[in-house]
Amino acid sequence: MMDAWRSSSFPTYESCGRMWAADHIPNEIMARDYKLGEKRTHIGAFAGTGTHRGRAYFLDELASSGTLGGAPRRNAAVEVGIVSLEEALAEGDPVYDPVTPRDDAKDAVKRMTLQAIAAINEDDHPVLVEDRLKAVLDGKVMITGTLDLYLLAQFLNDLKTGKQAPFTKYTGQIGSYVFIAEANNLPVKQAGYDFVQRVRKSAVQPAVQRKLIDIPAAKRQAASIATHITRDVAEFRRTGRRDAFLARPSSYLCRPEFCRACHKLGPKGWCPESANGGAADG
Ligand code: SF4
Numbered sequence: 001m002m003d004a005w006r007s008s009s010f011p012t013y014e015s016c017g018r019m020w021a022a023d024h025i026p027n028e029i030m031a032r033d034y035k036l037g038e039k040r041t042h043i044g045a046f047a048g049t050g051t052h053r054g055r056a057y058f059l060d061e062l063a064s065s066g067t068l069g070g071a072p073r074r075n076a077a078v079e080v081g082i083v084s085l086e087e088a089l090a091e092g093d094p095v096y097d098p099v100t101p102r103d104d105a106k107d108a109v110k111r112m113t114l115q116a117i118a119a120i121n122e123d124d125h126p127v128l129v130e131d132r133l134k135a136v137l138d139g140k141v142m143i144t145g146t147l148d149l150y151l152l153a154q155f156l157n158d159l160k161t162g163k164q165a166p167f168t169k170y171t172g173q174i175g176s177y178v179f180i181a182e183a184n185n186l187p188v189k190q191a192g193y194d195f196v197q198r199v200r201k202s203a204v205q206p207a208v209q210r211k212l213i214d215i216p217a218a219k220r221q222a223a224s225i226a227t228h229i230t231r232d233v234a235e236f237r238r239t240g241r242r243d244a245f246l247a248r249p250s251s252y253l254c255r256p257e258f259c260r261a262c263h264k265l266g267p268k269g270w271c272p273e274s275a276n277g278g279a280a281d282g
């Protein structure tokens, strides 16, 4: 059976291949007697999911009604986002940070959702909203991904949320979405992302930043990442060696709240290179 790699995992692979493996083939890693720690979800991920849900509701309503719907529609979108947050919180307690402490989480989702939908126009004509699709590259590698938004004007738009404005780390991911769209008869003239920043409650919520990407370059990057993941996984399956995946302890994600290997796990820890001690302190 052909392996399938998730487009949304491409930025993780680019940050640290070893962490990508910890997230995506943990059973194979543990079957080789390596140890992995636990990872708690960060409040940023919960807030991002809430914002996605709220915006998706708003886009679905625009697609079916042809209108933006005014304040009641915006309020309903916020409510959808907050319900999503509450559902996530009922499943597990996230790691909070000074930007979004526990008491501010709902407010963050509300403000982020309102900003996300403020960037949507009545004549946007959504064709597809949050649809999970797949593509096969060169008959060898399957990639799967959820396309956040595809407009009638053949504009592919991904929604990103976070504490800091992204630079280029989503190029490969969006390139893979272009592959997926094209494989599903959705030609792409423009592609990019809307970035909604997560800021402190006391700060002014910044407007959405819309970035467009160079489509041919993004597709090349996506194909390269998919090929490298496939190569590394094959090498690990062949040798059982953890160094089949490059470790990058300089990655900003090399912290226990983001990486299952960034714990003191003893000699069989998955990542001796961990910035947090890794295998060194058994
Ligand atoms: S501990 Fe750091 S270097 Fe090791 S896999 Fe995790 S992020 Fe990468």
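Using this note's numbering, read the sequence shown as starting at 1 and increasing by one per residue. Just so it is clear, CB atoms sit at the ideal spot from N, CA and C, and this is done for glycine as well.
Cβ of L152 versus every heavy atom of the ligand SF4: is any distance shorter than 8 Å?
no
If we ignore side chains and look at the alpha-carbon of each, how far apart do H171 and Q209 end up?
The sequence shown places Thr at residue 171, rather than the His named in the question. The alpha-carbon atoms of T171 and Q209 are separated by roughly 15 Å.
Return helix, strand or coil for I143, following the three-state DSSP convention.
strand
Please name the residue in A21, D123, A90 whose C-alpha comes closest to that of G69.
Per the Cα distances, D123.
Does the ligand SF4 have even one heavy atom less than 8 Å from the beta-carbon of F236?
no
Can you say whether R241 is buried or exposed, counting buried as having 16 or more other CB atoms within 10 angstroms of its CB?
exposed
Tell me whether the beta-carbon of D131 lies closer than 9 Å to the beta-carbon of T146.
Between D131 and T146, the CB-CB gap stays under 9 Å.
Just the Cα atoms here: how many angstroms apart are K264 and A247?
One C-alpha to the other measures close to 16 Å.
Hey, quick one: how far does the alpha helix (DSSP H) through T161 stretch, first residue to last?
Where T161 is concerned, there is no enclosing alpha helix (DSSP H), although the beta strand (DSSP E) it sits in stretches over 155–162.
Say the cut is 8 Å; is the CB of E273 nearer than that to a heavy atom of the ligand SF4?
E273: yes, Cβ under 8 Å from the ligand SF4.
Please state the DSSP three-state secondary structure of W20.
helix
Give the secondary structure of P206 by DSSP, where H, G and I count as helix, E and B as strand, and everything else as coil.
Assignment of P206 by DSSP, reduced to helix, strand and coil, places it in the coil class.
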